[in-house]
Amino acid sequence: MVTVFKQMPEGQFEFDVFISYSSKDEDWVEETLLKRLESHGLKVCIDFRDFKPGLPSLENMQWAARVSRQTVFVWTQNFFDSEWTNLETLLLQTKDPTNRTQRFIPVRKEKYNNIPDKLSIFTFVDFTKPSREALAWRQLLKALGKSLESETAKPKAQAGWFLAHPYAMPDDFTGRVQERQLLSDWLENEPQKNLFVLRALGGFGKSALTWHWLLKDVDRNRWTRVVWWSFYEENAGFENFVSATLKKFTVEPKQGLRPQVDQLLKLLEESGILFVLGGFERVLRAYGGLGSCYQGDEARDEEAKGRDCVNPLAQGFLRYLATVPRLGGKVLMSTRLRPTAVEDRGDVLSGCREEELTDLSPEDAVAYFRQKGIKGTRVEIEQVCAQYKFHPLSLRLLAGLALKKRLRHRGDIKAVQGLDISG
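Okay, here's the thing in structure tokens:
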């Protein structure tokens, strides 16, 4: 886990963040956490660089917590097995043992067996699920008072573009050239297809692809009114999407959701309007429950009832998009499941185009590993990636392992030959 203390008054601190962790977890801390925080402009205090030589460890830790605006604890099994890190927790927690002032926010880095009773009562941000790693980073950076998106993917300001939930884009996005071209061809050359459904299981990079395409490939001079909306975010349901979009485009929302949906469809008759809707499965019954954020692909319901929209007006909204001959605007949706509203007897309706996002191409996989600085021939890299069927998230995890300090052949594809990360 990671714990973040509440921001204190400005001007009294030497550092923005102090990172406390077990030395057994230093690879992830130094190579991932430290670099990510510093890339967002945070001044970080960390033991191997900033502790004062000659002082007792406990005194250094007390000093670091005192001169840092916030403290980040990396909580793992190693952390709880450590005498020193347990002591650090007690020292800082006694200042606010019930966390009434929200002085710390737990973030679990890995699953562990035993957590101290004093800490088990706190809700945490979860880093243990790779498919939601981007969300975890957004939550952590927001707690630290930083921008939600990566600096390299920061969108240019443009009037008329409503990027409601900026995506925390990984800096190492690679490839997907053919998929981006499919989206561009639909946007520019298929006026009869109002709706594009990009369907894939979790971990295939739907959000990363659509965000990258929107910022890099969409003609801003032609598509002057754009909405990026993620249903993964808190309070980002269909009703809020409709009302927020109408307000953004200076349309005074009428009373009631039904008239507002009619207003939104009327707006889409105009040219130059593009809606990009991420995580649309959250609008469907299969993923519409309170526990949907903890639900994996293994729990999805592919029966028709699970693919109905929770709100009938959302069902009608999609049905209209998928049946009307052509609109001036366009809607791109990414989702784990195809909504029943866009199909008839299993076939996609005429106003809709659907594509499934699958594995990376071997060429993209090789380019990704080389971008990460991992050595190896094309054949060697492809052979390792083929064991995981070129699944994007698996390859990202594999690349991270290849750069581990303690591995033999670190930085070479040979470091992960024969490893099994399927668990």
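Under the working numbering, think of the first position of the sequence shown as 1, with each following residue one higher. We put the beta carbon where it would ideally sit given N, CA and C, even for glycine. In this text, all values refer to a predicted model and were calculated from it rather than measured experimentally.
Contact between the stretch 312 to 331 and the stretch 250 to 270 is present: three or more C-beta pairs spanning the two stretches fall below 8 Å. Per DSSP, residue 39 lies in no beta strand (DSSP E); the unbroken alpha helix (DSSP H) holding it starts and ends at 34 to 39. Judged by DSSP secondary structure, residue 195 falls within the beta strand (DSSP E) whose first and last residues are 195 to 199.
Linking residue 58 to residue 47 through their CA atoms gives a straight-line distance of about 11 Å. Look at the stretch 204 to 258 and you find these whole runs of alpha helix (DSSP H), each 4 residues long or longer: 206 to 216, 238 to 248. When the five nearest sequence neighbours on each side are left out, the beta carbons in the same chain lying within less than 7 Å of the beta carbon of residue 389 are those of 359, in order along the chain. Secondary structure at residue 13: coil, using DSSP grouped into helix, strand and coil.
The alpha-carbon of residue 227 is positioned some 12 Å away from that of residue 158. Non-local beta-carbon contacts of residue 257 in its own chain, meaning distances under 7 Å to residues more than five positions away in sequence, involve 239, 242, 313 in chain order.
Scanning the stretch 337 to 419 for uninterrupted alpha helix (DSSP H) segments of 4 residues or longer gives 362 to 371, 378 to 386, 392 to 402, listed from N- to C-terminal end.
The beta carbon of residue 60 sits closer than 8 Å to those of 47, 51, 52, all from its chain and outside the five residues before and after it, given in chain order. Judged by beta-carbon spacing, residue 351 lies beyond the 7 Å limit of residue 379, meaning their Cβ atoms are not closer than that value. The beta carbon of residue 332 is closer than 6 Å to those of 196, 276 in its chain, skipping five residues each way along the sequence. Beta-bridge annotation (DSSP): residue 334 is paired with 198. The Cβ atoms of residue 348 and residue 309 do not sit closer than 7 Å to each other. Considering only 208, 134, 139, the residue with the shortest C-alpha distance to residue 177 is 208. The three-state secondary structure of residue 177, taken from DSSP, is helix. Membership of residue 70 in the beta strand (DSSP E) is indicated by the continuous run 68 to 73.
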